[in-house]
Amino acid sequence: MSQNKAFSTPFILAVICIYLSYFLHGISVITLAQNMTSLAAKFSTNNAGIAYLISGIGLGRLVSILFFGVISDKFGRRAVILLGVVLYMLFFFGIPSSPNLMVAFVLAVCVGVANSALDTGGYPALMECFPTASGSAVILVKAMVSFGQMLYPMIVSYMLLNDIWYGYSVIIPGVLFVLITLMLLKSRFPGQQVDASVAKALPQMNSKPLPWLEGIASVLFGVAAFSTFYVIVVWMPKYAMAFAGMAEADALKTISYYSMGSLLCVFIFAALLKTKVRPVWANVFNAGLAAITAAVIYLFPSPLVCNAGAFVIGFSAAGGILQLGVSVMSEFFPKSKAKVTSVYMMMGGLANFIIPLITGYLSNIGLQYIILLDFFFALLAFLTAAIVFVRYYRVFNIPKNDVRFGERYFQKTASVHDKYSRSL
232 MSQNKAFSTP
242 FILAVICIYL
252 SYFLHGISVI
262 TLAQNMTSLA
272 AKFSTNNAGI
282 AYLISGIGLG
292 RLVSILFFGV
302 ISDKFGRRAV
312 ILLGVVLYML
322 FFFGIPSSPN
332 LMVAFVLAVC
342 VGVANSALDT
352 GGYPALMECF
362 PTASGSAVIL
372 VKAMVSFGQM
382 LYPMIVSYML
392 LNDIWYGYSV
402 IIPGVLFVLI
412 TLMLLKSRFP
422 GQQVDASVAK
432 ALPQMNSKPL
442 PWLEGIASVL
452 FGVAAFSTFY
462 VIVVWMPKYA
472 MAFAGMAEAD
482 ALKTISYYSM
492 GSLLCVFIFA
502 ALLKTKVRPV
512 WANVFNAGLA
522 AITAAVIYLF
532 PSPLVCNAGA
542 FVIGFSAAGG
552 ILQLGVSVMS
562 EFFPKSKAKV
572 TSVYMMMGGL
582 ANFIIPLITG
592 YLSNIGLQYI
602 ILLDFFFALL
612 AFLTAAIVFV
622 RYYRVFNIPK
632 NDVRFGERYF
642 QKTASVHDKY
652 SRSL
């Protein structure tokens with residue numbers, strides 16, 4: 232199948248709506264952190280208080296993600312995505328007018344629930360729109376998230392320097408979600424089953440996957456990958472101010488460098504994943520690079536290291552490996568894509584709830600320990616990615632017309648191992 236055919240779809244309006252929603256989701260993830268100083272003053276609290284507020288996002292994901300996986304499989308992708316969009320609007324319109332921290336916390340929970348709805352509807356829908364190019368389709372989600380996270384800190388920094396009310400930067404995304412709602416109502420989505428002729432061109436299983444091994448490793452990889460870039464998004468500006476001596480406006484721009492890195496990675500691997508490499512290769516490489524970079528940021532803090540480190544962490548940890556993890560896990564368990572996404576993202580939601588609490592506590596001890604924690608998350612991501620990598624070539628036979636970088640050796644090694652195992 233040609234690349235052009237692989238990337239053609241009659242569901243273009245649905246695809247546009249999903250990608251635009253993820254663009255605004257990228258903004259929603261960092262809205263509270265980017266406006267930390269303004270919100271702390273508004274609610275008469277400190278950084279730890281805003282970290283508590285941010286933890287509501289993870290709580291919302293945690294309590295809703297499994298529920299939405301079932302709903303998505305039963306009632307369809309569009310209904311779930313629409314519900315998520317409505318909750319995003321509630322958050323963006325509600326935060327500037329919140330009377331206290333508790334109301335803002337409830338709205339943060341709404342964002343977590345909205346993200347669950349978008350993930351359990353959006354990821355399966357993209358894989359169903361592009362069945363032969365699902366890796367490239369889902370990694371482009373990260374491109375849209377990165378666009379939002381690259382643009383938004385620049386807007387917040389401009390408003391901070393010009394004494395413009397922070398609320399404008401929160402309300403505008405809500406208005407854009409109104410437009411997306413209107414587009415979704417006119418869009419149509421694909422069915423949930425892959426056509427038999429298309430399925431033949433995909434890697435075929437030669438043994439059953441092991442939920443207790445690659446299943447658990449995939450979930451732990453998702454948790455570690457999410458935690459690695461989440462810590463940087465929330466705490467890099469504060470760390471840069473405290474240990475690299477950067478002014479607040481300059482420190483906030485580290486997140487723009489982070490987003491630029493993630494965006495670059497997305498486009499590089501979106502091209503490579505078409506015909507050159509499998510997602511499992513990208514995950515191992517990027518997780519290892521993230522671990523090395525986090526160690527350098529911890530050991531040698533400076534303006535240059537913080538800016539460059541944020542860029543490399545963005546490239547490696549936030550360049551789509553979380554999305555590729557979903558794609559790989561769905562290959563192992565193809566009959567339950569929404570449920571797989573639910574379990575995978577549920578653990579991300581658990582991390583989204585727990586990590587802000589842990590880092591909020593560590594911020595009162597020393598910001599450097601937050602970066603050290605980030606290193607251990609990246610190391611865990613690397614180790615679990617390596618486990619999934621090895622198991623992939625034990626479980627799947629690669630089509631002869633689609634052998635990619637390094638696969639001849641690993642396919643041969645896996646075949647020898649299987650023959651040896653059967654002889655015992």
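In our numbering, the protein residues as written are 232 to 655.
Cβ coordinates follow ideal geometry from the N, Cα and C atoms, glycine included.
For a quick check, are the C-beta atoms of residue i and residue j less than 8 Å apart?
i	j	result
F420	A245	yes
S458	A582	yes
S438	R625	yes
A525	F606	yes
F324	G398	no
G352	G315	yes
F299	V311	yes
V515	F620	yes
F452	A522	no
S365	S558	yes
P384	S487	yes
C537	I528	yes
L263	I247	no
I552	A456	yes
V369	Q554	yes
A339	G287	yes
T615	A348	no
Quick one: using the 10 Å Cβ neighbour count with 16 as the cut-off for buried, is residue i buried or exposed?
i	result
W512	buried
F692	Missing from the structure shown is residue 692; the chain here goes from 232 to 655 and no further.
F506	The question names Phe, but residue 506 in the sequence shown is Thr. Label assigned to T506: exposed.
P510	buried
W396	exposed
V301	exposed
Y592	exposed
I586	buried
G476	exposed
N393	exposed
F336	buried
S328	exposed
K373	buried
M267	buried
F306	exposed
A502	exposed
P440	buried
I249	buried
N346	buried
N331	exposed
A272	exposed
I596	exposed
L251	buried
M333	exposed
L413	exposed
Nearest to residue i by alpha carbon, out of the options?
i	options	result
Y461	V515, L415 and G579	G579
Y489	A541, V527 and L441	A541
A569	A617, V621, S365 and L297	L297
S269	S286, V401, Q554 and C496	V401
R308	L553, S418, E445 and A368	S418
S303	I281, P355 and Y283	P355
V464	L495, Q380, L416 and I411	Q380
G519	Q265, Y250, A609 and D350	A609
Which residues in the same chain as residue i place their Cβ atom closer than 8 Å to its Cβ, once the five residues preceding and following it in sequence are excluded?
i	result
A427	Interpretation of A427 is limited by its pLDDT of 49, a score under 50 that renders its predicted location unreliable; the figure taken from the coordinates is listed afterwards. Here the set comprises nothing.
I601	V462, W466, Y470, T590, L593 and S594
F498	A374
M390	W396, Y397, Y399 and S400
Among the residues of its own chain, which have a CB less than 7 Å from the CB of residue i, if the five just before and after it don't count?
i	result
V450	V574, Y575 and M578
A482	P468, A471 and M472
L382	none
A478	none
I386	S400
F242	C360, R419, F420 and P421
T485	M467, P468, A471, C537, N538 and A541
Using a Cβ-Cβ cut-off of 6 Å (strictly less than) and excluding sequence neighbours within five positions of residue i, which residues of its own chain qualify?
i	result
A473	L598
S561	K568 and V571
V344	G291, S295 and L318
V454	M578 and A582
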